[in-house]
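Numbering follows the numbering used here, in which position 34 of the sequence shown is assigned residue number 34; successive positions increment by one, without gaps.
What follows is a set of notes on a single structure, which appears directly below.
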Amino acid sequence: LQKVAFLTLSFPLGSLIDRIKRKYVIVLAHLLFIASTILLLISRGYTQLLFTHLTFPLSTPLWNAYGVLKADMVQRDTRGRVLGVISTLANLAAIPASGLAGFLYDFDPTCPFILTIILGAIAGAIVFLKVDEPKTREE
């Protein structure tokens, strides 16, 4: 069901990236992800868990706004290098993430999810408050 929801919503939600400011779409993605993570934490039965898995795909197509915004912000002649560095740094940060999540899970199974909510809220706030979109979009 999650894939059906994702496939059904991908195009309309993805096209939202082209209609409104990209940073608003990114903030919406963070809010939907945070909401679905909270729903996962408070789920106490199959129906609630199923609802969580149907709400999560709402945020998935919206994450593409990050890539589109990066492309708009970086000059064409340096785009490959800059996006390569960003990807490398993101993957380097992901290396210890599984170990940290495992450690937090052993401490309390809800801790990795709570940390994800906190970091998602911080990242969304940074994008909303600090990112200035370019006046023109990449053609």
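Using N, Cα and C, we set each Cβ at its ideal position, and we do this for glycine too.
Where do the N-terminal and C-terminal ends of the alpha helix (DSSP H) with Gln48 fall, by residue?
Its alpha helix (DSSP H) spans residues 46 to 55.
Taking the beta carbon of Ile20 as the centre, do at least 16 other beta carbons fall within 10 Å, making it buried, or is it exposed?
Exposed, by the Cβ-count rule.
Leu54 to Met73, Cα distance in whole Å?
Taking the straight line joining both Cα atoms gives about 33 Å.
Are the segment 95 to 114 and the segment 58 to 70 in contact at 8 Å, needing three or more beta carbon pairs?
As far as the Cβ criterion goes, the segment 95 to 114 does not touch the segment 58 to 70, which means the pair count is below three.
Reducing DSSP to helix, strand and coil, say where Lys21 ends up.
Reduced to three states, the DSSP call for Lys21 is coil.
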